[in-house]
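Report on the following structure.
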Amino acid sequence: MKAIQLFAKNELKLVELPKPEIQPDEILLACKAGAICGTDLRMFANGHRNSPHALTLGHELSGVIEEIGSEVTGAYFKGMRVAVAPNYGCGVCDSCISGNTQSCKDFQALGIQKNGAFAEYVVIPARAVRQGNIVELPDHVSFEEGAMIEPFSCVYNAFERCHTQVGDTVLVIGAGPIGLMHALLHKAAGAGKVLISDINPERLALACEFDPDFIPVSGTDTKAEVMRITQERGCDVVITAASTPEIQTLSFELAALNGRVLFFGGLPAGKEMVSLNTNIIHYRQISVTGMSGQNLRQYRASLKMVANGQINLKKILTHTFSLEQYQQAFTCAKSGNALKAGFVL
1 MKAIQLFAKN
11 ELKLVELPKP
21 EIQPDEILLA
31 CKAGAICGTD
41 LRMFANGHRN
51 SPHALTLGHE
61 LSGVIEEIGS
71 EVTGAYFKGM
81 RVAVAPNYGC
91 GVCDSCISGN
101 TQSCKDFQAL
111 GIQKNGAFAE
121 YVVIPARAVR
131 QGNIVELPDH
141 VSFEEGAMIE
151 PFSCVYNAFE
161 RCHTQVGDTV
171 LVIGAGPIGL
181 MHALLHKAAG
191 AGKVLISDIN
201 PERLALACEF
211 DPDFIPVSGT
221 DTKAEVMRIT
231 QERGCDVVIT
241 AASTPEIQTL
251 SFELAALNGR
261 VLFFGGLPAG
271 KEMVSLNTNI
281 IHYRQISVTG
291 MSGQNLRQYR
301 ASLKMVANGQ
311 INLKKILTHT
321 FSLEQYQQAF
331 TCAKSGNALK
341 AGFVL
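If you want it as structure tokens, here you go:
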């Protein structure tokens, strides 16, 4: 089979590998769609720290069940259209028992520690099968949408931590695919106003095409524009979907009294220390939270929202490529010209 593997820093190759053989408690998936994530780009730029061997990337995926191990139980069948949550835990620690397998100390993920979906086939490990990571994809949901469930479920996790109320004013800083998903979800949840800010005018305009009610905020003087739009009140929810120290610092100045600030995404090593005016947090009673990954409940809830037509992810994967076009695909993803790039098999 063909697979895109990371060998070292800035060293991706399309390789020919044997078709994987599964263990009795595993499932083999024929990959149909896989999207390139910022994590993939960082791993490409910085090298891979989690495995001494070449690694097949890709953790945003969908496909068709090709083979089922003889010891696998559950309502799986060959030819079943599925999306797969890539993260799985040990299954017995406190985090796993509470349903938060993504927080397990022995956390593993397809495309991060284990071979992922930028290939013709991917093995779904036994622990992921047992924990319910494979979810049936309804016929009316495309494979491309199925691959978008993973990033959208991370956004769903963040949404739950924002405690957005009907009528709230929400600001999303960053008009990339993640920022757009935040905006779409908060609008669907009843936010009164959804503002989107970005320094890239083309990307900002593209994001606002998804909903005519989105309010664009240019990145030239974000604070002045936000205060003008909100009549100096600020925003009930501020989400940093573009992680820089400057944006994280600014986010507190944009929050309203009793506002909520959510950091989506971390900062690069060496830049993680941020200077904050803590008096703003204190006197405005601002709540600050972060998020990481998603649990299986959130993944399944995200798929249900897409399947029910509550969220439309169809146009987010704007550029698709074959595996043979991997160099063009990663160049496209890095350029920022695509909202989202990925592979369709």
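For the sequence shown, full-length UniProt numbering gives the first residue as 1, with consecutive numbering after it. Every residue gets a Cβ at the ideal spot worked out from N, C-alpha and C, and that includes glycine.
Where does N87 sit, in a helix, a strand or coil, going by DSSP? Numbered from 1 along the sequence shown, position 87 holds the residue referred to as residue 87. In this structure, N87 counts as strand in the three-state DSSP scheme.
To the nearest angstrom, report how far apart I68 and A83 are at their CA atoms. Taking the first residue of the sequence shown as 1, we reach residue 68 at position 68. Taking the first residue of the sequence shown as 1, we reach residue 83 at position 83. Their backbone Cα atoms lie some 16 Å apart in a straight line.
Closest by C-alpha distance to A54, when choosing among N115, I22 and P24: Here the question's residue 54 lines up with position 54 in the sequence shown. Ranking N115, I22 and P24 by Cα distance to A54 puts N115 first.
With a 10 Å radius around its C-beta and 16 neighbouring C-beta atoms as the bar for buried, classify K150 as buried or exposed. By 1-based counting over the sequence shown, the position of residue 150 is 150. In the sequence as presented, Lys is not what sits at residue 150; that position holds Glu. Looking at its Cβ environment, which holds 16 or more other Cβ atoms inside 10 Å, E150 is buried.
Is there contact between the segment 328-338 and the segment 153-161, where contact requires at least three CB pairs shorter than 8 Å? Too few Cβ pairs lie closer than 8 Å, so no.
Applying the criterion that 16 or more other CB atoms from any shown protein chain within 10 Å of the CB defines a buried residue, is Q231 buried or exposed? By 1-based counting over the sequence shown, the position of residue 231 is 231. It counts as exposed.
How would you label P86, buried or exposed, when you count the other beta carbons within 10 angstroms and need 16 or more for buried? The count along the sequence shown starts at 1 and reaches residue 86 at position 86. Under this definition P86 is a buried residue.
For S197, which three-state DSSP category applies? In the sequence shown, residue 197 corresponds to position 197, counting from 1. Of the three classes helix, strand and coil, the one that applies to S197 here is strand, per DSSP.
For E136 and I281, I'd like the C-alpha separation in whole angstroms. What you label residue 136 is simply residue 136 of the sequence shown in a count that begins at 1. What you label residue 281 is simply residue 281 of the sequence shown in a count that begins at 1. Looking at the backbone, the Cα of E136 and that of I281 are separated by about 43 Å.
Report yes if the C-beta distance between V172 and I239 is below 8 Å; otherwise report no. Within the sequence shown, residue 172 is the residue found at index 172, counting from 1. Within the sequence shown, residue 239 is the residue found at index 239, counting from 1. For V172 and I239, yes; Cβs fall inside 8 Å.
Report the three-state DSSP secondary structure of L206 (helix, strand or coil). In the sequence shown, residue 206 corresponds to position 206, counting from 1. Assignment of L206 by DSSP, reduced to helix, strand and coil, places it in the helix class.
Is it right to say V274 is buried, meaning 16 or more other beta carbons lie within 10 angstroms of its own, or is it exposed? The residue you call residue 274 lines up with position 274 of the sequence shown. It is exposed - the Cβ of V274 has fewer than 16 other Cβ atoms within 10 Å.
Within 10 angstroms of the Cβ of R42, are there 16 or more other Cβ atoms? Answer buried if so, exposed if not. As a working note, residue 42 is residue 42 in the sequence shown. R42 should be labelled exposed.
Can you tell me where the beta strand (DSSP E) with E67 in it begins and where it stops? Locating residue 67 in the sequence shown gives position 67, where the first residue counts as 1. Start and end: E60 to I68.
Buried or exposed: where does I97 fall if 16 or more other Cβ atoms within 10 Å of its Cβ makes it buried? Along the sequence shown, one-based indexing puts residue 97 at 97. The residue in question, I97, is exposed, as its Cβ has fewer than 16 Cβ neighbours within 10 Å.
Just confirm the distance between the C-beta atoms of L323 and F118, as a whole number of angstroms; I'd bet it's less than 8 Å. For this step, residue 323 is matched to residue 323 along the sequence shown. For this step, residue 118 is matched to residue 118 along the sequence shown. Yes, they are in contact, since the Cβ atoms of L323 and F118 sit about 7 Å apart, within 8 Å.
Helix, strand or coil for S98 per DSSP? Along the sequence shown, read from residue 1 onward, the residue named residue 98 stands at position 98. S98: coil per DSSP, three-state reduction.
Look at the alpha carbon of Q310 and the alpha carbon of A301, and state the distance between them as a whole number of angstroms. For this step, residue 310 is matched to residue 310 along the sequence shown. For this step, residue 301 is matched to residue 301 along the sequence shown. Each residue's Cα considered, the two are about 11 Å apart.
For the beta strand (DSSP E) holding C31, just list the boundary residues, first then last. Locating residue 31 in the sequence shown gives position 31, where the first residue counts as 1. Taken as a continuous stretch (DSSP letters only), the beta strand (DSSP E) holding C31 covers I27 to A35.
Local conformation of Q108 per DSSP, three classes: As a first step, residue 108 must be located in the sequence shown, where it is residue number 108. Reduced to three states, the DSSP call for Q108 is strand.
In this structure, how does DSSP classify G167 when only helix, strand and coil are distinguished? Here residue 167 corresponds to residue number 167 of the sequence shown, with the count starting at 1. If DSSP states are grouped into helix, strand and coil, G167 belongs with coil.
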